[in-house]
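Residue numbers (our numbering), protein chains in the order written: chain A, 28 to 152; chain B, 5 to 133. Taking it in order: structure first as structure tokens, then the write-up.
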Amino acid sequence: MQALVVEDSSTIRKILCQYLRKMNINVVEAANGQEALDRLKEMSAPDLVLVDWNMPVMSGIEFIQAVRELKIYDPLPLIMVTTNSESEYLGTAMDAGATLYIQKPCTLDALREKLDLLGLFTESK
Amino acid sequence: MTEMEAIVLEFVEEGKEKADNIEHRLIQLEKQPGSRELLAEVFRDVHTIKGATGFLGFTKLGALAHTGETLLVRLRDGLLVTNQEIISALLALVDAIREMLSVIETTGKEGERDYAALIATLARLGKAA
């Protein structure tokens, strides 16, 4: 199983990657939306993407919109990881094509629950 | 080094880099006080620091960054106009961030120093019409 983590903060990126590795998920990293589009094209079969909202070069929303325009990624779960909790922000994320969102800061258990909702996490994987 | 110590070290290094960026852009803002681009960049760097504090439990630094972020949102969105008092307060915020990062680097904790006066100043400036 392979995930792409898109986050401009190297600290938060490291934490999210650590969470995923603890769930035995391989991780590819990107520091902004543009870099993430490049990484995504290099990945053979990505299973999910965790994406931040506020990033330089290309934001998380712009990234999600760009991915959803590429029909081959239609089934790919895009999880917005954001400090923005107001409903209007979350509505914007879902309208752009996010599959789910998770509030920052999040714990390993909270992330595991979200992946479970998508049927992406089982102990055996 | 434990995983957590490595992450805290990463946070300190990233925070110092962001503090340098913020200071540099605040100095540029003194010459271009209306630059939304500069304000957006300063906001993003403060936001990044605040975001990481939440994961690491550095609540004092998080509260300080949050107050700065609230002021910066209003500046970025054109609801407030940048002036010298605001720039000075934001430069004081940078100093405080550096100070707390230095304490975290040495002790792993945020330290005892109280930043209530700075938080009150940033909050007052953020509320000004």
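Cβ atoms here follow ideal geometry from the backbone N, Cα and C, with glycine treated the same way. What you are looking at is a predicted structure, and each value in this text was computed from that prediction instead of being measured.
- Hey, how far is the Cα of A/Ala120 from the Cα of A/Thr126? 9 Å
- Of the residues B/Ile101, B/Glu7, B/Ala132, the one placed nearest B/Leu83, counting alpha carbons only: B/Ala132
- With distances taken Cα to Cα, identify the nearest neighbour of A/Leu94 among A/Thr110, A/Glu62, A/Tyr46, A/Lys41. The residue asked about is misnamed: residue 94 of chain A is Val in this sequence, not Leu. Of the candidates A/Thr110, A/Glu62, A/Tyr46, A/Lys41, the one whose C-alpha sits nearest the C-alpha of A/Val94 is A/Glu62.
- Residue from B/Thr86, B/Gly115, B/Gln36 with nearest C-alpha to B/Arg102: B/Gly115
- Task: Would you give the residue range spanned by the beta strand (DSSP E) that A/Glu56 belongs to?
- Result: 53-57
- Take B/Leu13 and list the residues in its own chain whose beta-carbon comes closer than 7 Å to its own, dropping the five residues that flank it on each side. none
- Could you tell me whether any Cβ in chain B is nearer than 9 Å to the Cβ of A/Asn81? yes
- Task: State buried or exposed for B/Leu126, treating a residue as buried only when at least 16 other CB atoms are found within 10 Å of its CB.
- Result: buried
- Indicate whether at least one CB of chain C lies closer than 9 Å to the CB of B/His28. The structure shown contains no chain C; its protein chains are A and B.
- Query: At a Cβ threshold of 9 Å, is A/Thr119 touching chain B?
  - Reply: no
- Sequence-distant residues of its chain with Cβ nearer than 6 Å to B/Lys212 (five each side left out): Nothing in the structure corresponds to residue 212 of chain B, since chain B is present only between 5 and 133.
- Item | DSSP beta-bridge partners of A/Gln29 | A/Asn53
- Nearest residue (CA-CA) to A/Lys68, options A/Ser86, A/Phe90, A/Asp35, A/Trp80: A/Phe90
- Exposure of B/Arg128, with buried meaning 16 or more beta-carbon neighbours within 10 Å: exposed
- Task: For A/Pro102, count neighbouring Cβ atoms within 10 angstroms of its own Cβ and tell me buried if that reaches 16, exposed if not.
- Result: exposed
- Query: How big is the Cα-Cα spacing for B/His28 and B/Lys20?
  - Reply: 12 Å
- Message: Please tell me whether B/Thr52 has its Cβ less than 9 Å away from any Cβ of chain A.
- Response: yes
- Compare the C-beta of A/Gln160 with all C-beta atoms of chain B and state if any pair is closer than 9 Å. Only positions 28 to 152 of chain A appear in this structure, which leaves residue 160 of chain A out of reach.
- Within chain B, partners of A/Ser36 - CB distance below 8 Å: Glu18, Thr52, Gly55, Ala56
- Note the first and the last residue of the continuous alpha helix (DSSP H) segment covering A/Met70. No alpha helix (DSSP H) holds A/Met70; DSSP gives it neither H nor E.
- Helix, strand or coil for A/Asp79, going by three-state DSSP, please let me know. strand
- What's the gap between the Cα of B/Thr86 and the Cα of B/Phe62? 29 Å
- Message: Quick check on DSSP: helix, strand or coil for B/Thr52?
- Response: helix
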